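Visitor: This is the structure I have questions about; it appears just below.
Here's what the structure looks like:
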């Protein structure tokens with residue numbers, strides 16, 4: 309379909325669909341102005357219950373409970389499938405493929421079970437079927453496998469791709485919590501479903517691993533090709549022993565991908581505390597790709613949730629827009645040359661680590677803190693030692709509360725003039741990266 | 309230029325160019341067969357010294373020391389610029405842009421200083437200028453910023469994007485090594501240049517940060533817009549204090565990217581040991597992107613070296629091939645359906661963590677190790693405790709050397725039959741992720 313408009317039919321208005329609709333309507337500036345000349349519009353949204361109250365930003369005339377209002381609308385040229393589950397979603401995707409309508413989906417179950425056929429039919433029909441959100445939500449992984457990493461022989465994937473189980477295992481890592489309690493806590497916080505089977509038995513991770521493996525091997529791979537073991541048999545004491553031995557227990561999805569010797573498996577395992585995957589906490593996901601020539605690459609981020617998921621879905625929508633407008637690969641469309649408002653470095657603020665050599669006598673700290681105070685800088689902590697210093701000179705280490713760099717520089721130059729202070733030896737910002 | 313061939317002129321045959329040439333010639337199967345119908349050929353390679361011995365895989369008739377043999381060859385439709393540095397490389401890229409030849413470059417200096425003008429002219433001339441390798445080598449970051457992450461408001465970048473300084477700082481982290489010694493060691497290992505200024509003063513990181521910021525803000529940003537502070541003033545004792553206080557010292561490239569308040573800076577700083585960036589060791593790089601709706605994403609990998617860099621360059625070459633063949637976004641080209649040789653899970657092998665409840669008397673361990681030995685399983689370490697166990701039952705924890713799963717399962721079922729063993733309570737793989 310030749311067009312300069314993308315008209316989106318959104319199937320499903322759960323938490324992810326609501327976020328996508330919000331971004332399409334409220335952040336339309338970033339989605340439309342920057343990267344593509346194609347105009348992206350949200351045309352219609354399919355809901356289950358037409359009478360349910362919907363968010364204010366969603367006009368009622370955009371809402372329908374009849375799939376045909378979307379699937380038979382010839383103006384709609386992009387379907388975003390967020391229904392989830394199996395047969396109903398598959399039927400709708402199949403109808404869209406037949407009608408040669410581009411598709412974006414987050415449906416890992418469908419892409420695992422039927423991705424091979426769907427992608428083949430989509431290709432034959434000249435449309436795009438994109439599914440970045442189906443693995444690791446917004447973490448870019450499917451895009452990089454198709455693009456930046458595409459020249460590699462990828463021989464292994466080690467992935468934490470189920471946030472629910474990683475949350476439970478993180479909580480059990482102290483060795484004091486039972487699986488049952490950790491699961492209950494995850495359920496209370498909304499990180500686990502009331503029926504948690506798909507997560508805790510590794511089924512969800514197996515879907516995702518099969519999707520990644522099918523891209524790497526460019527072949528039909530489904531969750532049935534994945535060996536699975538869940539996390540239900542782990543005891544608190546195993547975490548204690550693992551810790552004593554220098555390990556952490558994680559549910560890994562592992563793909564050994566030498567085409568002659570493929571092993572796909574999801575199971576709990578002990579991994580060394582030194583490995584970065586051991587540091588992946590709570591509901592975060594991380595995917596390690598080992599390949600040649602690339603070496604080891606790790607992608608880390610929030611692998612679930614409406615915000616992260618919507619990032620991937622919107623990225624796929626924009627990819628399709630760029631494809632339609634034929635602007636393909638990394639080509640910035642409207643390079644701007646507007647004025648940027650820089651903050652001068654001296655007007656930024658930060659906590660600071662300071663080390664100075666000072667006279668070892670009363671009153672020195674009072675003088676320093678008085679000078680700092682004059683410039684609104686307060687001291688967070690002080691550590692004084694006489695670390696190999698010559699007679700009567702002490703080494704003073706302190707950390708400040710956040711201060712404006714300009715103020716700090718002025719204060720330091722005053723401190724340096726004091727005859728109680730020999731030298732300011734070190735001054736390093738502390739970045740609170742949260 | 310309409311064509312079904314990509315004919316590459318490679319400018320520069322240092323370590324990166326040699327790896328790219330090798331991959332184009334020797335791994336041509338993965339590059340050509342899988343993802344694009346466009347045939348990719350290496351046509352000509354520009355070298356400084358025509359008489360120098362070259363690798364065997366490179367036919368002499370492909371080598372020239374005259375740039376015009378490439379720049380004036382109308383069959384060449386893709387230039388890969390790996391000369392590095394400033395004016396000479398820029399002249400050649402400019403000539404390629406004028407001739408409407410696609411360009412792939414790893415040149416961070418040129419993309420930082422002149423990227424804005426070059427990308428604008430490339431766009432106006434209808435060609436692609438791709439530069440994934442210019443930041444973080446093979447770590448996919450420019451691609452994801454243009455594609456998967458493109459719908460986000462990115463408000464902050466925290467990046468370790470200079471391997472040399474990260475190697476030096478990692479070595480100093482114990483608090484016992486001077487900067488001078490750590491630098492010398494890096495130079496001896498080839499991780500630092502004989503003139504290390506560009507790395508240790510943060511110039512290299514500033515180039516890379518300005519490239520990332522210019523993509524996020526879609527604007528002209530050069531290294532001159534970046535505040536810089538090097539790592540030369542840090543003392544061993546600062547690392548000791550930082551450690552005592554729960555921090556690690558890293559050279560961060562930080563972009564605060566709210567368009568109304570932009571701050572770009574490269575400087576050493578203390579970051580909390582709890583943050584993943586504190587775990588980035590040696591010559592590795594990591595780039596954290598904070599955005600809305602995505603949240604925080606971290607990309608981690610080898611940020612330098614011929615192998616990692618060639619992954620990015622080859623990815624860009626294939627992107628251009630896909631663009632020419634009009635296959636754009638994530639569309640697998642030739643989906644295959646060949647037989648995959650799976651290894652059955654029971655034939656994979658692994659070390660194992662085992663926990664069992666056993667009779668607390670002599671001979672138990674002998675029996676277990678004899679059963680294991682029968683199946684070629686040897687014990688790596690044993691940890692026996694009587695951890696809250698009822699009378700006469702001990703808890704036995706052991707780790708095996710790598711064993712075939714099938715053998716292990718058989719051995720366990722025999723162990724379970726022994727009347728000296730009450731139960732095998734836990735059996736978890738140990739993955740050696742290296």
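Chains as they are written, first to last, in my numbering: chain A, 309 to 742; chain B, 309 to 742. Note that CB positions come from ideal geometry on N, CA and C, so glycine has one too. Model, not experiment: these values are computed from the prediction.
Within the segment 530 to 597 of chain B, note down every full beta strand (DSSP E) run reaching 3 residues or more, in order along the chain.
Guide: Taking only runs of at least 3 residues, the beta strand (DSSP E) segments lying wholly in the segment 530 to 597 of chain B are 555 to 566, 569 to 580.
Visitor: Would residue 334(B) pass as an interface residue toward chain A - the criterion being a Cβ-Cβ separation below 8 Å?
Guide: Residue 334(B) does not count as touching chain A.
Visitor: Alpha helix (DSSP H) containing residue 406(B): first to last residue?
Guide: It spans 395 to 406 - the alpha helix (DSSP H) in which residue 406(B) sits, taken as one unbroken run.
Visitor: What residues of chain A sit near residue 741(B), judged by a beta carbon separation below 8 Å?
Guide: In chain order: 466, 579, 580, 583, 585, 596.
Visitor: Is any beta-carbon of chain A found at less than 8 Å from that of residue 518(B)?
Guide: For residue 518(B), the answer is no, since every Cβ of chain A falls outside 8 Å of its Cβ.
Visitor: Check the Cβ of residue 721(A) against every Cβ in chain B and list those closer than 8 Å, keeping chain order.
Guide: Chain B residues near residue 721(A): none, gap ~16 Å exceeds 8 Å.
Visitor: Near residue 694(B), what residues of its chain come up, given a Cβ to Cβ distance below 7 Å and the 5 sequence neighbours on each side ignored?
Guide: So the qualifying residues of the chain are 668, 702, 703.
Visitor: Out of 472(A), 490(A), 469(A), 470(A), which one is the CA nearest neighbour of residue 479(A)?
Guide: The option with the nearest alpha carbon to residue 479(A) is 490(A).
Visitor: Straight-line CA distance for residue 394(B) to residue 659(A)?
Guide: So the two alpha carbons sit approximately 38 Å from each other.
Visitor: Should residue 572(A) go down as buried or exposed, given a rule of 16 or more other Cβ atoms within 10 Å for buried?
Guide: With 16 or more Cβ atoms within 10 Å of its Cβ, residue 572(A) is classed as buried.
Visitor: Between residue 309(B) and residue 632(B), what straight-line distance do the alpha-carbon atoms span, to the nearest angstrom?
Guide: Bear in mind that the predicted position of residue 309(B) carries a pLDDT of just 38, short of 50, making it too unreliable to give a figure here.
Visitor: Under 7 Å Cβ to Cβ from residue 676(B), same chain only, skipping five residues before and after it: list those, please.
Guide: Within the same chain, residue 676(B) has close Cβ partners 723.
Visitor: In three-state DSSP terms, what is residue 368(A)?
Guide: Note: residue 368(A) maps to helix in three-state DSSP.
Visitor: List, in chain order, every chain B residue whose beta-carbon is nearer than 9 Å to that of residue 533(A).
Guide: Residues of chain B passing the Cβ test: 648, 650.
Visitor: Using DSSP with H/G/I as helix, E/B as strand and the rest coil, what is residue 663(A)?
Guide: Three-state DSSP puts residue 663(A) in a strand.
Visitor: Just mark residue 358(B) as buried or exposed, buried being the case when its beta carbon has 16 or more other beta carbons within 10 Å.
Guide: So residue 358(B) counts as exposed.
Visitor: Give me the DSSP bridge partner(s) of residue 611(B).
Guide: Answer by DSSP bridge pairing: none, since residue 611(B) is not bridged.
Visitor: Can you look up residue 410(A) in the DSSP assignment and give me helix, strand or coil?
Guide: In the structure shown, residue 410(A) sits in a strand (DSSP, three-state: E or B).
Visitor: Counting only beta-carbon atoms, is residue 569(A) nearer than 8 Å to chain B?
Guide: By this cut-off, residue 569(A) is an interface position.
Visitor: If I follow the unbroken beta strand (DSSP E) through residue 317(A), where does it start and stop?
Guide: Residues 313 to 319.
Visitor: Indicate whether at least one CB of chain A lies closer than 8 Å to the CB of residue 633(B).
Guide: Not an interface residue.
Visitor: Return the bridge partner residues of residue 693(B) from the DSSP annotation.
Guide: DSSP, once it has assigned bridges, lists 703(B) as partnering residue 693(B).
Visitor: Residue 597(B): which of 450(B), 413(B), 441(B) sits nearest, CA to CA?
Guide: Per the Cα distances, 450(B).
Visitor: Under a CB-based cut-off of 8 Å, is residue 709(B) close to chain A?
Guide: By this cut-off, residue 709(B) is not an interface position.
Visitor: Residues in the same chain with beta-carbon distance under 7 Å from residue 585(B), minus the five sequence neighbours each way, listed in chain order, please.
Guide: Counting only Cβ-Cβ distances below 7 Å, and skipping sequence neighbours, we find 466, 468, 558, 579, 594, 596.
Visitor: Using CA atoms only, rank isn't needed, just tell me which of 370(A), 364(A), 605(A), 542(A) is closest to residue 355(A).
Guide: Checked all of 370(A), 364(A), 605(A), 542(A); the closest Cα to residue 355(A) is 370(A).
Visitor: Are the C-beta of residue 316(B) and some C-beta of chain A separated by less than 8 Å?
Guide: Taking Cβ atoms only, chain A never reaches closer than 8 Å to residue 316(B), which makes this a no.
Visitor: In the DSSP assignment, find the unbroken alpha helix (DSSP H) run with residue 347(B) in it and report its ends.
Guide: From DSSP, residue 347(B) is part of no alpha helix (DSSP H) but of the beta strand (DSSP E) over 347 to 354.
Visitor: Exposed or buried, residue 380(B), counting other C-beta atoms within 10 Å across all chains shown (16 or more means buried)?
Guide: Exposed.
Visitor: Return the residues of the segment 614 to 625 of chain B that lie within a Cβ-Cβ distance of less than 7 Å from chain A, sorted by chain order.
Guide: Correct list: 615, 616, 618, 619, 620, 622, 623.
Visitor: For residue 372(A), collect the residues of the same chain with a Cβ closer than 8 Å to its Cβ; drop the 5 residues on either side in sequence, then sort them by chain order.
Guide: Result list for residue 372(A): 352, 353, 354, 355, 358, 378, in chain order.
Visitor: Suppose the cutoff is 6 Å on Cβ atoms and the five residues either side in sequence are ignored; what does the same chain contact list for residue 429(A) look like?
Guide: The answer, listed in chain order, is 405.
Visitor: What are the residues in the segment 541 to 563 of chain B lying within 8 Å of chain A by C-beta distance?
Guide: Answer set for the segment 541 to 563 of chain B: 541, 542, 543, 545, 546, 549, 550, 552, 553, 555, 557, 560, 562.
Visitor: Apply the 10 Å Cβ neighbour rule to residue 528(A) and answer buried if 16 or more other Cβ atoms are within range, or exposed otherwise.
Guide: Residue 528(A) comes out buried.
Visitor: Flag this pair as touching only if the segment 422 to 437 of chain A and the segment 410 to 418 of chain B have three or more C-beta atom pairs under 8 Å; answer yes or no.
Guide: As far as the Cβ criterion goes, the segment 422 to 437 of chain A does not touch the segment 410 to 418 of chain B, which means the pair count is below three.
Visitor: What residue range does the alpha helix (DSSP H) around residue 518(A) cover?
Guide: It spans 511 to 525 - the alpha helix (DSSP H) in which residue 518(A) sits, taken as one unbroken run.
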